[in-house]
Amino acid sequence: GAYVQEHLKELGIQGVPSVVVDSKLVYSGKLNVIDLLTKLEETFGVEEVKNKSPESLDLGKFDVVVVGGGPAGSSAAIYSARKGLSVALIAEKMGGQVSDTKGIENLISVTYTEGPQLVAQLNQHMAAYSIAVFEHRRVKSIDPNANGGTLKQIHLEGGEFIDAKAVIITTGAKWRQLNVPGEKEYIGRGVAYCPHCDGPYYKGKNIAVVGGGNSGVEAAIDLAGLVKELTVFEFNDQLKADQVLVDKLHSLPNVKVVRSAKTEQVIGDGQKVSAMTYTDRVTNELRTLELDGIFVQIGLLPNSQFVKGVIETTSFGEIIIDAKGRTSVKGIYAAGDVTTVPFKQIVIAIGEGAKAALTAFEDQMLA
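Quick note on numbering: the sequence shown equals residues 1308 to 1674 in my numbering.
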């Protein structure tokens, strides 16, 4: 009711999850479980865990360990298990980016579904096989030459480790940030990356969506039904989204599109976002737009930091793979959005995960 809305306003909450302790806002905005626990530890301290034996940290040995719990990871795990291999899957969050996707209309044979529903179906499918799932874990590093080179050893944050004959990396990608002044300071207080998660907080307000690709235009279409006024900012002189989406966007009465715009700064009053500045790349004029929120939709960054220096990646961080999903290191494979495969789509990720699993099986049989 009104009391709750007033209390949220007092605390400055504009995103989920929001953690409040003793009327103090510890964090507000989208955050996975691992990062949330880290934030709490930074704020309140953590009791040191003592006397952990090596046995308690050893998660076991498997024929295949899949790192990542999105569509590519689920597919790789299922295909590996169907070949009779022992399989483990390690994931920070089951479903990955898909769990934050509202409408999915391009998964062939499924006219329409939503992210959480698809994730539940993937998990249900995996549960039909003997797959050891370790969720809410983050991989720290991979040793490609463990046990004299016969195994790969995966080290997790927290000290746990797991051995594998083959590793399939399917860690996907995360939201790309603008990297402009004020952005990080106002995450969860007017700067957001997940329209489905945080959109309802901006009902009746004025917002901007930065990014004119499919994700940005889809977000704008979704948010336009909630907000008062919405402005889409695109760096290039034309929107990059599919024409059917662009046509839908232009049909919305409360949406304005600003092209050739370079975002310069996020401005706030110390509690929440109040405006943003951008440069008109045609006239070189610096302009300011007053608003209540900014949704950043400018693409994704591959989650490949933990293999930096171990396997070859592009300058963008994408893991380089061959036509069968092999990386530059024997016994390590990759699939999905974290790789060089073009067109980051769910249906492609599912196929790539299956392909990497079949390649790993083939290589083990020929070894």
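By construction, the Cβ of each residue, glycine as well, lies at the ideal position given by its N, Cα and C atoms.
Remember, it's a predicted structure, so these values are computed and weren't measured experimentally.
Handout entry: Straight-line gap, E1669 to N1521 (C-alpha atoms, nearest Å)
Key = Numbered from 1 along the sequence shown, position 362 holds the residue referred to as residue 1669. Numbered from 1 along the sequence shown, position 214 holds the residue referred to as residue 1521. Going from the Cα of E1669 to the Cα of N1521 covers about 37 Å.
Practice task
Output the distance between the C-alpha atoms of F1441 and A1398, rounded to the nearest integer angstrom.
Solution key: Within the sequence shown, numbered from 1, the residue matching residue 1441 stands at position 134. Within the sequence shown, numbered from 1, the residue matching residue 1398 stands at position 91. Per the coordinates, the alpha-carbon of F1441 lies some 6 Å from the alpha-carbon of A1398.
Practice task
Hey, could you find the ends of the beta strand (DSSP E) Q1428 is sitting in?
Solution key: As a position in the sequence shown, residue 1428 is number 121, starting the count at 1. First-last for Q1428: G1422 to M1433, but that is the alpha helix (DSSP H), not the beta strand (DSSP E).
Problem - Same chain only: Cβ atoms within 7 Å of A1384, ignoring 5 sequence neighbours per side - result: The sequence position of residue 1384 within the sequence shown is 77, counting from 1. Excluding sequence neighbours, A1384 sits near V1373, V1394, L1396, M1433 and I1438.
Problem - Nearest to V1562 (by Cα), restricted to the options L1533, L1425 and V1580 - result: To locate residue 1562, count along the sequence shown from 1; it is residue 255. V1562 has its Cα closest to that of L1533, out of L1533, L1425 and V1580.
Exercise for the section: Kindly list the residues whose CB is nearer than 6 Å to the CB of S1387, restricted to its own chain and excluding five residues on each side of it in sequence; keep chain order. Expected result: Numbered from 1 along the sequence shown, position 80 holds the residue referred to as residue 1387. Result list for S1387: V1371, V1394 and A1664, in chain order.
Exercise for the section: Give the secondary structure of H1443 by DSSP, where H, G and I count as helix, E and B as strand, and everything else as coil. Expected result: Here residue 1443 refers to the residue found at position 136 of the sequence shown. Correct three-state label for H1443: coil.
Handout entry: For E1597, the three-state DSSP class (helix, strand or coil)
Key = The count along the sequence shown starts at 1 and reaches residue 1597 at position 290. Residue state, collapsed to three classes: strand.
Exercise for the section: Could you tell me which residues DSSP puts in a beta bridge with H1462? Expected result: Walking along the sequence shown from the start, residue 1462 turns up at place 155. Per DSSP, S1448 and F1468.
Exercise for the section: Following the continuous beta strand (DSSP E) through Q1572, name the residue where it begins and the one where it ends. Expected result: Residue mapping note: residue 1572 aligns to position 265 of the sequence shown, counting from 1. Taken as a continuous stretch (DSSP letters only), the beta strand (DSSP E) holding Q1572 covers A1568 to G1575.
Practice task
Figure out for me which residue from T1538, K1569 and Q1545 has the closest Cα to the Cα of P1560.
Solution key: Residue numbering aside, residue 1560 sits at position 253 when the sequence shown is read from its first letter. Closest by alpha carbon: T1538.
Practice task
Let me know the secondary structure DSSP gives F1668 once reduced to three states.
Solution key: Residue 1668 sits at position 361 when you count from the first residue of the sequence shown. If DSSP states are grouped into helix, strand and coil, F1668 belongs with the helices.
Problem - Residue range of the unbroken alpha helix (DSSP H) whose run includes Y1677 - result: The question about residue 1677 has no answer, for the chain in this structure spans 1308 to 1674.
Practice task
Going by CA-CA distance only, name the one from I1639, V1645, D1529 and S1567 that's closest to T1457.
Solution key: Within the sequence shown, residue 1457 is the residue found at index 150, counting from 1. Checked all of I1639, V1645, D1529 and S1567; the closest Cα to T1457 is I1639.
Practice task
Within 10 angstroms of the Cβ of H1543, are there 16 or more other Cβ atoms? Answer buried if so, exposed if not.
Solution key: For the purposes of this step, residue 1543 is identified with residue 236 of the sequence shown, where counting begins at 1. Per the sequence shown, the amino acid found at residue 1543 is Asn instead of His. With fewer than 16 other Cβ atoms within 10 Å, it is exposed.
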